[in-house]
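There are 2 protein chains.
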Amino acid sequence: MELQLTKIGQLLSGRSGIVELMDDLGAALAGGGTSKMLMLGGGNPAHLPEMQEVWRRRLAEIVADVPLCDRMLANYDGPAGNPRFRESVAACLRETYGWEVGPENIAVTNGGQTAFFFLFTLLAGEMSDGSRRKILLPIAPEYIGYADQGLCEGTFTSHRPRIDKQSDHLFKYRIDFDSLEVGEEIAAICVSRPTNPTGNVLTDEEMSHLAQLAEERQIPFLVDNAYGEPFPGAVFEPISPTWNSGMVLTFSLSKLGLPGTRTGIVLASEEIASRIRSMTGVVGLANNNIGQTIVEPLLASGEAVRLSREVIRPFYESKSRAAQAVVAEQFGEDFPYLVHRSEGAFFLWLWFPELPITTRELYERLKKRGVLIVPGEPFFFGLSEPWPHARQCIRLTFSQSEETVAQGIEILADELRHLHR
Amino acid sequence: MELQLTKIGQLLSGRSGIVELMDDLGAALAGGGTSKMLMLGGGNPAHLPEMQEVWRRRLAEIVADVPLCDRMLANYDGPAGNPRFRESVAACLRETYGWEVGPENIAVTNGGQTAFFFLFTLLAGEMSDGSRRKILLPIAPEYIGYADQGLCEGTFTSHRPRIDKQSDHLFKYRIDFDSLEVGEEIAAICVSRPTNPTGNVLTDEEMSHLAQLAEERQIPFLVDNAYGEPFPGAVFEPISPTWNSGMVLTFSLSKLGLPGTRTGIVLASEEIASRIRSMTGVVGLANNNIGQTIVEPLLASGEAVRLSREVIRPFYESKSRAAQAVVAEQFGEDFPYLVHRSEGAFFLWLWFPELPITTRELYERLKKRGVLIVPGEPFFFGLSEPWPHARQCIRLTFSQSEETVAQGIEILADELRHLHR
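Those protein sequences? They're chains A and B, same order as listed. In my numbering, each residue's number is its place in the first sequence (first place is 1) plus 1350. In my numbering, each residue's number is its place in the second sequence (first place is 1) plus 1350.
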């Protein structure tokens, strides 16, 4: 049988950067660490002993609480998520930031990525009047997982950043507001903060400027806070998060250490939260309950925020420093490389301005040598014209063990020196 | 801010039968049984003590197995699902039915409903050549959860069944093959078996006839096996399930007793399984791991099939008989009602041929009296013309306690006698 596919079906089920990435990650991780691949790709959080202990303790508490365990496994929740969990998320945000939010502003999704699929589907594409609207990504590179989520071609329009060279081997992307126009065809502005893949944390000034542009145009400002504050808090610079009803802020339990539970959280106006809830019901009846049940009391008690500040942030900050030190040591002063300033998330973003091959080829070469990295090209989707820089960057995760990261970077440096010879 | 929505966004986030149903169910269940509502709506499985015990034992085993627990909670699986789980599902089907299937034929989704969202999105809607294709439901009423899953208007075209009156108060729907045409615009044929909402189990002859029609037209035949064999096995008639590569068969862990884990399973040709995997990656990165981890060894050992045959099926069959007895007793010989022959699933489907109001109104009246039922109208989507019968049927679940079911039916009968006066 030759399968006839719809246009949208072709888009959503074809070759995809994120699917290749997850296939690689799944293959490397499913064996439970028995794979010999050095995993510098993927975004799997580290297994922090202190956090793993918290999860196992919570799961043991749940097993011991028969009615709670039965409810968690054997009951459907409403499509917005568990009412108690939603209240505890809202309470956590009220207490941490003083935001005026309640459970009516919260919708749970099966992971943060699904939240964006729903938001993009709601806002970007064909409108009732036949016009088309797009998502504006004010800065590329941006999260690879968005790239294939559009239900029509050209869902995203993205912009080159300014490159701020801070020293010989250090740079930071900054939004180029001079060239940023928010036309009538823009449905929403979207950023991840900290940015996946670069570890950039947009400044509070950049954020308020974007919020203002969105407000002027009366469109939502979507902020992917998967690595952000107050949990998991993988942010290494002081920031002052804000929210208002024109913003949609998403959270995730994945980077707190529970990616296997697929739990995303949307904070939005009541209307958007309610529409996300409807989409959850239509697409998949309800969310899974496990992540919510595990984490709810930790949100209610403030423990999740404390663990983020005292355990998770210091851990990743120290991992980042260690990885940067290995990079500096392995590449040396004279090799043509730059690292994006590491301000958050789990990644180093490396730029090789004289790279003689594409990073896709580099990815294949390194895979053969037992190192998985993520090539940079797919993160530069939505640009109106080609940009050589887009073929010169790679993403490395520093969340694996320091030995793994060090060995991986050593092989990477060796491969690159061969290529540059 | 006045929110501008896309066409598809409006469809997926508007008022929806399934969302109302899940809201009602969530509100009634989230309190953990403290609600006084008699829950004859929804499709939540019963909490069978023997099954709850199995789940708690498995979770305790997982908590005790530190590496397994850490993997389950803290690792992303590949988007197709856990490799070991997929192999165990395939092995279970090979051993039970002798089907030639391997893990490459299996894709896991976040619940069975999501599997259908992906399948419908792949197959029905706008094609590359601009033509539109539809899903053929050969028998209405059909599962309410499909109704809003189309990404364009008119995704479904459904057909009235023949009504086979088997006695004064008993009937069975049969596919009306005489009026069933499978035109060029049909992308796939789809049925649920056992049927939600009616408890109908299409006969083996009806199934092979449908499979033959699909094969002639070279289109997939989608079978929603959420309540079917070999697990959870809520089928009260002897049947001989079949599968071939032109068929897509979906399974679910929900009706086995784990709806809170949102675990669906697609058995299909390698191409379709692989496309479902891609869609999982694009829409939500990966599946949650918990249901797969809990059930995998039970599939591998044959225990899941044994429990389905020895615990789950007898339980629901006896629940069905008890509910039918209460209906017969409460309505009496002379009241104008019929029950669909209860051949599987968790529901009785009642037909009141002289009902003076719509069943939506009946639903509202009963909700006020503390009984939740599901009105029948929304299950008759996709018909080309109105059908009075569609306003005369309701769905009752018999999965709650016998007291709840008996009290609910008593109030229902009382309300109906008032209405018929």
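Beta carbons: idealized from backbone N, C-alpha and C, even for Gly.
1. Would you mind giving the Cβ-Cβ distance between G1500(A) and A1695(A), rounded to the nearest angstrom? I have them listed as a contact below 8 Å.
2. In chain B, which residues lie less than 7 Å from W1464(A) when you measure between Cβ atoms?
3. Using a Cβ cut-off of 8 Å, pull out every chain B residue sitting near V1413(A), in sequence order please.
4. Measuring only the C-alpha atoms, how far is S1508(A) from F1730(B)?
5. I want to verify the contact list: residues of chain A whose CB lies under 8 Å from the CB of Q1568(B), in sequence order.
6. Which class does W1302(A) belong to by DSSP, given the choice of helix, strand or coil?
7. Checking the sheet assignment: what are the DSSP bridge partners for R1482(A)?
8. Quick one: Cα of R1625(A) to Cα of Q1402(A), how far?
9. Measure from the C-beta of L1390(B) to each C-beta in chain A and report whether the shortest distance is under 8 Å.
10. Would you tell me roughly how many angstroms separate the C-alpha atoms of W1737(A) and P1725(A), rounded to the nearest one?
11. Would you say G1610(A) faces chain B, with C-beta separation under 8 Å as the test?
12. Compute the Euclidean distance between the alpha carbons of T1464(A) and V1633(B), then round it to the nearest angstrom.
13. With which residues is M1597(B) paired in a DSSP beta bridge?
14. Assign E1646(A) to one of two classes, buried (16 or more other C-beta atoms within 10 Å of its C-beta) or exposed (fewer than that).
15. Shortest alpha-carbon distance to R1567(A) belongs to which of T1611(A), F1470(A) and H1559(A)?
16. Measuring CA to CA, which of L1353(A), M1629(A) and L1606(A) is closest to L1472(B)?
17. Give me the residue from A1457(A), Y1426(A) and M1422(A) with the minimum Cα distance to S1438(A).
18. Whole angstroms is fine: what's the gap from A1341(B)'s alpha carbon to A1576(B)'s?
19. Any beta-carbon of chain A closer than 8 Å to the one on S1542(B)?
20. When you compare each of T1613(B), A1474(B) and R1659(B) to L1487(B) by their alpha carbons, which one comes out closest?
21. How close, in whole Å, do the beta carbons of P1429(B) and R1627(B) come, if the pair is a contact with beta carbons under 8 Å?
22. Is M1422(B) helix, strand or coil when you go by DSSP?
23. Interface residues of chain A around G1583(B) at Cβ under 8 Å?
24. Following the continuous alpha helix (DSSP H) through T1592(A), name the residue where it begins and the one where it ends.
25. My output table needs one value for E1690(B): the three-state DSSP class, helix, strand or coil.
26. Report the neighbours of E1774(B) on chain A: residues whose CB is nearer than 7 Å to its CB, in chain order.
27. Is there at least one Cβ from chain A nearer than 8 Å to N1425(B)'s Cβ?
28. If I measure Cβ to Cβ from G1732(A) and keep anything under 6 Å in the same chain, skipping five residues before and after, which residues do I get?
29. Are any of the Cβ atoms in chain A nearer than 8 Å to that of V1369(B)?
30. Between which two residues does the beta strand (DSSP E) harbouring L1712(A) extend?
31. Can you tell me whether DSSP reads P1706(A) as helix, strand or coil?
32. Checking 8 Å against the spacing of the C-beta atoms, do I1525(A) and E1556(A) come in under that value?
33. Check each candidate in P1544(B), T1356(B) and C1743(B) and name the one with the smallest Cα separation from T1708(B).
34. Output, in chain order, the set of chain A residues within a Cβ distance shorter than 7 Å of G1578(B).
35. So, M1597(A) versus V1616(A), is the Cβ gap smaller than 8 Å?
36. Considering only the alpha carbon of each residue, which of F1685(A), E1660(A) and F1581(A) lies closest to P1544(A)?
In terms of the structure at hand:
1. The residue labelled residue 1500(A) in the question sits at position 150 within the first sequence. The residue labelled residue 1695(A) in the question sits at position 345 within the first sequence. A Cβ-Cβ separation of about 24 Å leaves G1500(A) out of contact with A1695(A) under the 8 Å criterion.
2. Position 114 of the first sequence, counting from 1, holds the residue named residue 1464(A). Looking at the sequence itself, residue 1464(A) is Thr, so the reference to Trp does not match. For T1464(A), the neighbours in chain B by C-beta distance under 7 Å run, in chain order, V1633 and G1634.
3. On the first sequence, position 63 is the one that residue 1413(A) refers to. In chain order: R1406, L1409, A1410 and V1413.
4. Here residue 1508(A) is taken as the residue at index 158 of the first sequence, counted from 1. Here residue 1730(B) is taken as the residue at index 380 of the second sequence, counted from 1. Between S1508(A) and F1730(B), the C-alpha separation is close to 44 Å.
5. Start at 1 with the first residue of the second sequence, and residue 1568(B) comes out as number 218. Neighbours of Q1568(B) on chain A, chain order: M1351 and E1352.
6. Because chain A is modelled from 1351 through 1771, residue 1302(A) falls outside the range shown and cannot be assessed.
7. If you number the first sequence from 1, residue 1482(A) lands on position 132. E1476(A), per the DSSP bridge assignment.
8. Translated into positions along the first sequence, residue 1625(A) becomes position 275. Translated into positions along the first sequence, residue 1402(A) becomes position 52. Near 34 Å, if we compare the C-alpha coordinates of Q1402(A) and R1625(A).
9. Translated into positions along the second sequence, residue 1390(B) becomes position 40. Chain A, which has no Cβ nearer than 8 Å to the Cβ of L1390(B), makes this no.
10. On the first sequence, position 387 is the one that residue 1737(A) refers to. On the first sequence, position 375 is the one that residue 1725(A) refers to. Rounded to whole angstroms, the gap between the alpha carbons of W1737(A) and P1725(A) is 15 Å.
11. Position 260 of the first sequence holds residue 1610(A). Cβ-Cβ to chain B under 8 Å: yes for G1610(A).
12. Start at 1 with the first residue of the first sequence, and residue 1464(A) comes out as number 114. Start at 1 with the first residue of the second sequence, and residue 1633(B) comes out as number 283. T1464(A) and V1633(B): Cα-Cα distance of roughly 5 Å.
13. Position 247 of the second sequence, counting from 1, holds the residue named residue 1597(B). Answer by DSSP bridge pairing, in chain order: F1571(B).
14. Against the first sequence, residue 1646(A) aligns to sequence position 296. Its Cβ being crowded by 16 or more others within 10 Å, E1646(A) is buried.
15. Numbered from 1 along the first sequence, position 217 holds the residue referred to as residue 1567(A). Taking only the C-alpha atoms, the option nearest R1567(A) is H1559(A).
16. As a working note, residue 1472(B) is residue 122 in the second sequence. For L1472(B), the nearest C-alpha among the options comes from L1353(A).
17. If you number the first sequence from 1, residue 1438(A) lands on position 88. When only C-alpha atoms are compared, the closest one is A1457(A).
18. Given that chain B is displayed from residue 1351 to residue 1771, the structure contains no residue 1341(B) and the question cannot be resolved.
19. Residue mapping note: residue 1542(B) aligns to position 192 of the second sequence, counting from 1. So, not an interface residue.
20. In the second sequence, the residue the question calls residue 1487(B) occupies position 137. Residue A1474(B) is the option with its Cα nearest to L1487(B).
21. On the second sequence, residue 1429(B) is found 79 positions in, with the first residue counted as 1. On the second sequence, residue 1627(B) is found 277 positions in, with the first residue counted as 1. For P1429(B) against R1627(B), the beta-carbon gap comes to about 5 Å, under 8 Å, which counts as contact.
22. For the purposes of this step, residue 1422(B) is taken as residue 72 along the second sequence, with counting starting at 1. Look at M1422(B) here: in three-state DSSP terms it is helix.
23. Stepping through the second sequence from its first residue, residue 1583(B) is reached at position 233. Within chain A, no residue comes near G1583(B); the closest Cβ sits about 17 Å away, beyond 8 Å.
24. As a position in the first sequence, residue 1592(A) is number 242, starting the count at 1. Note, T1592(A): premise wrong, no alpha helix (DSSP H); not H, not E.
25. Sequence index remark: in the second sequence, residue 1690(B) carries index 340 (1-based). According to the sequence provided, residue 1690(B) is His. The question's Glu does not apply to it. Strand, per DSSP.
26. Missing from the structure shown is residue 1774(B); chain B here goes from 1351 to 1771 and no further.
27. Along the second sequence, one-based indexing puts residue 1425(B) at 75. By this cut-off, N1425(B) is an interface position.
28. The count along the first sequence starts at 1 and reaches residue 1732(A) at position 382. Answer for G1732(A): L1487, F1506, T1507 and S1508, listed in chain order.
29. Counted from its first residue, the second sequence places residue 1369(B) at position 19. Closer than 8 Å to some Cβ of chain A, the Cβ of V1369(B) qualifies, so yes.
30. In the first sequence, residue 1712(A) corresponds to position 362, counting from 1. Annotation: L1712(A) is outside any beta strand (DSSP E); the continuous alpha helix (DSSP H) that includes it extends over T1709 to K1718.
31. Taking the first residue of the first sequence as 1, we reach residue 1706(A) at position 356. In the three-state DSSP reduction, P1706(A) falls in the coil class, being neither helix nor strand.
32. Looking up residue 1525(A) in the first sequence gives position 175. Looking up residue 1556(A) in the first sequence gives position 206. Yes, the Cβ-Cβ distance between I1525(A) and E1556(A) is below 8 Å.
33. Working through the second sequence from its first residue, we reach residue 1708(B) at position 358. Per the C-alpha coordinates, the member of P1544(B), T1356(B) and C1743(B) positioned closest to T1708(B) is C1743(B).
34. Working through the second sequence from its first residue, we reach residue 1578(B) at position 228. Contact annotation for G1578(B) against chain A: no contact, minimum CB-CB distance about 18 Å [criterion: below 7 Å].
35. What you label residue 1597(A) is simply residue 247 of the first sequence in a count that begins at 1. What you label residue 1616(A) is simply residue 266 of the first sequence in a count that begins at 1. Going by beta carbons, M1597(A) and V1616(A) fall outside the 8 Å limit.
36. In the first sequence, the residue the question calls residue 1544(A) occupies position 194. Out of F1685(A), E1660(A) and F1581(A), F1581(A) has the C-alpha closest to the C-alpha of P1544(A).
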